[in-house]
Every structure is written in structure tokens, then in C-alpha cells.
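Chemist: Per this note's numbering, the sequence shown starts with residue 1473, numbered consecutively.
Glycine included, C-beta positions come from ideal geometry on N, C-alpha and C.
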Amino acid sequence: MSVEGNVEFEKILPADLRRLPVTAQALDNQWLTAGELRGVWSGGRSRRAALREQGARVRTEYLRALVTADQVVVNRAYLYNNPVISQDYLAKAAGRDAFRQLLDDGVLVPFLWNEATPVQEPAFGLRDLEEVWPAWTAVAQECRMTCLSLDWDGAGEGAGAAGAADRLGSAFARYVQGLEQVDLPALARTLGVPPAGEQPLHERLRQVADFGRAQVEATGLVSRDALYRTFVVAPGSNPAERSYDPARAFGAEIKQVVDLAYNVNLADRLGAYALTPHDSLPRTALQEWQLAPRAAGPELSADHLVEVVRRTAFDILQEGLYVESFGQLTLDDVVALRQSAGWQQYQGAFQALLAAPDLADPQRFADPEHGAPAVVGGYVAMLREASDRAAGRRVGAAMARWTPTAELFIEVATGLVRIALGSVPFFEVISEVGKHFVKRAVPVSIRLVVGRGPGGREHARLGTGLRVVEGRFADDGRAQWESLITRLRSAGFAEHRGLGPGTHPAQLNGRDGAP
1473 MSVEGNVEFE KILPADLRRL PVTAQALDNQ WLTAGELRGV WSGGRSRRAA LREQGARVRT
1533 EYLRALVTAD QVVVNRAYLY NNPVISQDYL AKAAGRDAFR QLLDDGVLVP FLWNEATPVQ
1593 EPAFGLRDLE EVWPAWTAVA QECRMTCLSL DWDGAGEGAG AAGAADRLGS AFARYVQGLE
1653 QVDLPALART LGVPPAGEQP LHERLRQVAD FGRAQVEATG LVSRDALYRT FVVAPGSNPA
1713 ERSYDPARAF GAEIKQVVDL AYNVNLADRL GAYALTPHDS LPRTALQEWQ LAPRAAGPEL
1773 SADHLVEVVR RTAFDILQEG LYVESFGQLT LDDVVALRQS AGWQQYQGAF QALLAAPDLA
1833 DPQRFADPEH GAPAVVGGYV AMLREASDRA AGRRVGAAMA RWTPTAELFI EVATGLVRIA
1893 LGSVPFFEVI SEVGKHFVKR AVPVSIRLVV GRGPGGREHA RLGTGLRVVE GRFADDGRAQ
1953 WESLITRLRS AGFAEHRGLG PGTHPAQLNG RDGAP
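(1) Among residues of its own chain, excluding the 5 on either side of G1820, which ones have a beta-carbon nearer than 8 Å to its beta-carbon?
(2) According to the Cβ coordinates, are P1582 and C1615 closer than 8 Å?
(3) When the Cα of E1760 is compared with those of R1536, Q1817, R1646, L1509, which residue comes out closest?
(4) Between F1703 and L1673, is the Cβ-Cβ spacing less than 8 Å?
(5) Any chance you could list the beta strand (DSSP E) runs of at least 3 consecutive residues sitting entirely within the segment 1766-1807, in chain order?
(6) Taking 8 Å as the threshold, find out whether the segment 1906-1923 comes into contact with the segment 1732-1739 through three or more Cβ pairs.
(7) Residues in its own chain within less than 8 Å of W1513 by CB, not counting five upstream and five downstream?
(8) For V1847, which residues of its own chain have a beta-carbon under 6 Å away from its beta-carbon, when the five flanking residues on both sides are left out?
(9) With a threshold of 6 Å on Cβ separation, who are the neighbours of Q1573 within its own chain once the five nearest residues in sequence on each side are excluded?
(10) Which of the three DSSP states, helix, strand or coil, is assigned to P1897?
(11) What are the boundary residues of the alpha helix (DSSP H) that R1873 is part of?
(12) Figure out for me which residue from E1689, E1900, Q1613, A1963 has the closest Cα to the Cα of Q1649.
(13) In its own chain, which residues sit with a C-beta less than 6 Å from the C-beta of P1707, not counting the 5 before and 5 after it?
(14) What residue from A1844, L1538, A1498, A1813 has the CA that sits closest to F1786's CA?
(15) State buried or exposed for G1516, treating a residue as buried only when at least 16 other CB atoms are found within 10 Å of its CB.
(16) Can you list, in chain order, the residues of its chain whose CB lies under 6 Å from that of G1641, leaving out five sequence neighbours each side?
(17) Could you check what DSSP says for N1501 in three-state terms: helix, strand or coil?
(18) Skipping 5 residues on each side, what residues in its chain have a beta carbon closer than 7 Å to that of R1782?
(19) Does the segment 1791-1804 come close enough to the segment 1564-1573 that 3 or more CB-CB pairs lie under 8 Å?
(20) Please determine, among D1751, I1918, L1580, the residue with the shortest C-alpha to C-alpha distance to T1505.
(21) Are the segment 1495-1503 and the segment 1540-1559 touching, with three or more C-beta to C-beta distances below 8 Å?
(22) Here's the rule: buried if 16 or more other CB atoms are within 10 angstroms of the residue's CB, otherwise exposed. What is E1675?
(23) How many Å lie between Y1794 and S1859 at the Cα?
(24) Might you give, ordered along the chain, the residues of its own chain that have their beta carbon closer than 6 Å to the beta carbon of R1959, omitting 5 neighbours on each side?
(25) Return helix, strand or coil for E1725, following the three-state DSSP convention.
(26) Looking only at DSSP bridge pairs, what is V1916 linked to?
(27) On a CA-only basis, which of W1503, S1474, L1485 is nearest K1727? Give me that one, please.
(28) Please name the residue in P1590, A1541, P1666, W1608 whose C-alpha comes closest to that of W2012.
(29) Just reading off the beta strand (DSSP E) that Y1745 is part of, what are its end residues?
(30) Can you tell which of A1522, R1510, Q1613 has its C-alpha closest to the C-alpha of G1477?
(31) Are E1796 and A1872 touching if we call contact CB-CB under 8 Å?
(32) Would A1733 and L1659 qualify as a contact pair, given that the criterion is a beta-carbon distance under 8 Å?
(33) Can you grab the Cα-Cα spacing for the pair F1481 / N1586, in whole Å?
(34) By DSSP's criteria, M1617 is part of a beta bridge. Which residues make up the other side?
(35) Contact defined as beta carbons within less than 8 Å: I believe V1730 pairs with L1753. What is the distance between those atoms, to the nearest angstrom?
Shown next, in the form of C-alpha cells:
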């Protein structure tokens, strides 16, 4: 235990994190939902109106992280500069005791960049300095928090900051410089760019890649701030002010890709899972396999994936009355929920599923006590506990009667097929594998998504997704993809058409560099 004045705290490195730590992209002060960003960029939505509603969205994603994960790693800047967090530890805040307990229990973990202690005032400016900083130092004195750093030996002296910057910046710079290599039709579909815009988008991404290479040659790294100033915001403006410039071609699309790469890169370097928010780009949009020498992971086959799906087509639990959004919960609710039997059941099933060495085994994956059905059952039990708490406060928490759903999303390079589980399972092809993947190894993954409905905003408000199987088709990804769809049809799964992917649900993405 380290001591700084009246503050005691534990120093940890990424290897010391618990089994399921996450970082929440929504806490990034640049995050906007894809829909809001498009509205602002097109002029159909004012920046002020979009930001006015942002607090509620960020709060929902913040609470989702606290409910979903074992630990939530928070950049120290967000602790002070984001009112969604600081509102809980101000002197008379209703959730102050709960916030202090989450720090004391090591659930909330501040990530220090180059500070030696959690109460070393940072060099960057703080919003509401006179109120927030004293409140932060006061709560720090009342608990024994756990703090994370990439390099404690050099913290506060510059050496640690330089080493951390190199480790964090190199992977981000590599991605920016490789942007022109992406599969443009697949990326354009994910971003909502029509086919006519694919070639202009490609030209713009080439300019971004060229800029990244020039920055690396000149300074050794490429910063998100520099990318914003050149491709996203109005000339001469501060990126923090979000003065987006519609005259900058594909600025909104570039911003989404850059933000996603920036946030998952940080999570990877910390050894945490990246929680990408509702209605934001999924990690697959980064197409990281394009920068890798070959697809990694165990070899899978179309027959293997169909067997996983067939065995996992379990009945969903019956309809119930549930809270509509995690945003309906208080921080006291979160603390109580994390101590409940429902949360313990969910976490136990979740962590056991992620830790299983033979998860790609269809029988293991479909095991009702230890596989995907156990995770779905635990998640729904947790939602029921959360809903009971919110309703019990009798403060008008929004409730709705609905039936939980579970879906499997199989991703094969740029291809995506959604399988709705239940007594009458069906599948929908959302995107195809491109022809250039003929005779080429490709990555394969299965994502389990638990939520409210078959797509769209309501599905995402309480839903979450986790990638549970990762591997590869060793050769001819295109042929294996076609075989997968053919075998789903012959196995008796009904095919739905025209439903569309809807907005992307909140997703837990892989750790330690896994996509």
C-alpha cells in the first residue's frame, strides 16, 4: 500500500487486473452516437442539442460498464472532467458513499498516465476546478483505492510517460498508416456510405494514411488531436469544442474510425476489454486482420459453426417486467446489485465461459450449466434484480414488459450473419464476404448478444454482447462462408430477409490485442 499525505492507495500494473476489466468508450469526451454525429454533420441536428442529451447517454453506458464488468478502468482525466462521474463524489452528492465504496472495493480503477499518485494535480486544465478537485481529494482520503499505471517506476518523472506513450502510440500509428488497406465496400456499409461514395472515401482514407506516415516521420507518433485538426474540426478550432466542419470530406466517418481505434488500442495496452457503446462502430469495423500477416486462432469449419448454432438454439426465458434502461439505476442500486445473487450468477457464468479452454467445442458452448445458456440466464436474472430495485424505489422508473432475447452473430472477415435463438430459430445474412477472400485465410468469431428485441435502439438499451469464440477459416474464406450459409439452410433454420442490422448493441471486445 502506498501513502501520499492522507491518501492510501494500491499500485497495480495491467497484469494485476481481475479477470473481467473493461474500459468504457462512452466516457471519452469526444464520443457521440453514430446517429447524432451524422445529424450534426448534415446540419439536421444542432451541436448544442446533441450535446444536451449526451449526459444521459454517457450515464447509461457508465452504469452499464459498472453492472457488466468485474472492474472498470477509468482514465484519470475522465474522473475529474466528466460530470457524469464527478457528480457522484461532490460534497452533497446522493451517490457519494456508493462511489467511495466502488473505489474502495477496486471496482472503479483510476488509470494514471504519468502521475505518481491519484491526488497529484494533472497538468491539463480541469472543468469546475474549485469544486471538483477538492471533492476528489476528499473522497480519495476516505478510501483505499486501486490505481493502474503502465510504468510506476517512471511515473511523475517523465520516463514512465515517454515509455507509455511509445507503447500506446505505436499500435495506433500503425493502424492509421494502414487505413488505405481496408476493405472499402465493407467499411462503407458499416459507416452508412452509399456505393457511389466508396471511391471518394478511399481517396480520403489514403490522405489520412499519408498524413499519419508524415507525422510518424516527423515526430515518431500520430496523435488523435492532430487527426482531428486536419480532417474533422474547423480550421484553428480546439478539438475539445467539437466544432465539426461539414466542409471536410468524410470527417464524420474518419472521426468514428479514429475514435474506435484510439479507444480499443488503449484497452488492449491495459489488458482490458473495450466496451463500445450502443450505436457506435463495432470493433470489426477496424478490420484488424488486414494489418496482420495471417488470421490467428484455432482452425474452424462451416460444419463446426453450424453445430455450435444448432446445439445452442435454446428457449428464451419468459416475458417479464423490466426496467427500460441502465440509466434508470442509481449508483446505490449498482452497489447493491453487485452484491446480489443475480449478479453473482451472471458474473460466474460470464467468467467461466470466457475462461473455458475448449469453448469452440459445440457441446461445451451449449452446456446449459456452464455455456452460453448459463450466461443468458444469469444476465436475465441480473436484469430482474436491477428492475426490482428500480421499481421498489417508487420514483417513476420507466418499466416495460418484454421478453429477453439471445442472438449469435457469426463474423467471417467482412461477412456477418445473425441467428436469433429460441424455439423457432432463424437467421439473417447482414453482409457478405467479399470475392477477394477466395483462397485466403480469414478470421472467424461468434458473438453472443443478450437484449430486448431483434434490433434497433430498444435492443441496445439493456443489451450487451461478448465475443465468445474466435478462430479462423484456414483457407478460402469465401467458399467456407458460402458453405456456412448453405448448411444453415439445410439444417432447418428459417431465413429472414430485409430486417437489416439496426444500430449496433453495446459490445465487449477482446483483450490483450484480440479483436
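Modeler: Reading from the atomic positions:
(1) G1850
(2) no
(3) R1646
(4) Not in contact: F1703 and L1673 (Cβ atoms no closer than 8 Å).
(5) 1792-1795
(6) no
(7) So the list reads Y1716, P1718, G1723, A1724, once near-sequence residues are dropped.
(8) A1821, F1822, L1825
(9) Non-local beta-carbon contacts of Q1573 in its own chain, meaning distances under 6 Å to residues more than five positions away in sequence, involve V1807 in chain order.
(10) coil
(11) Not the alpha helix (DSSP H): R1873 falls in the beta strand (DSSP E), residues 1871-1874.
(12) E1689
(13) There are no such residues.
(14) A1844
(15) exposed
(16) L1693
(17) coil
(18) A1963
(19) When Cβ pairs closer than 8 Å are counted between the two stretches, the segment 1564-1573 is seen to touch the segment 1791-1804, the count reaching three or more.
(20) D1751
(21) yes
(22) exposed
(23) 5 Å
(24) A1774, V1778
(25) E1725 carries a helical assignment under DSSP once its states are collapsed to helix, strand and coil.
(26) V1884, G1943
(27) W1503
(28) In the structure as shown, the chain begins at 1473 and stops at 1987. Residue 2012 is therefore absent and cannot be evaluated.
(29) 1745-1748
(30) Q1613
(31) yes
(32) no
(33) Answer to the nearest angstrom: the Cα atoms are 16 Å apart.
(34) Answer is F1481.
(35) That pair is no contact at about 10 Å.
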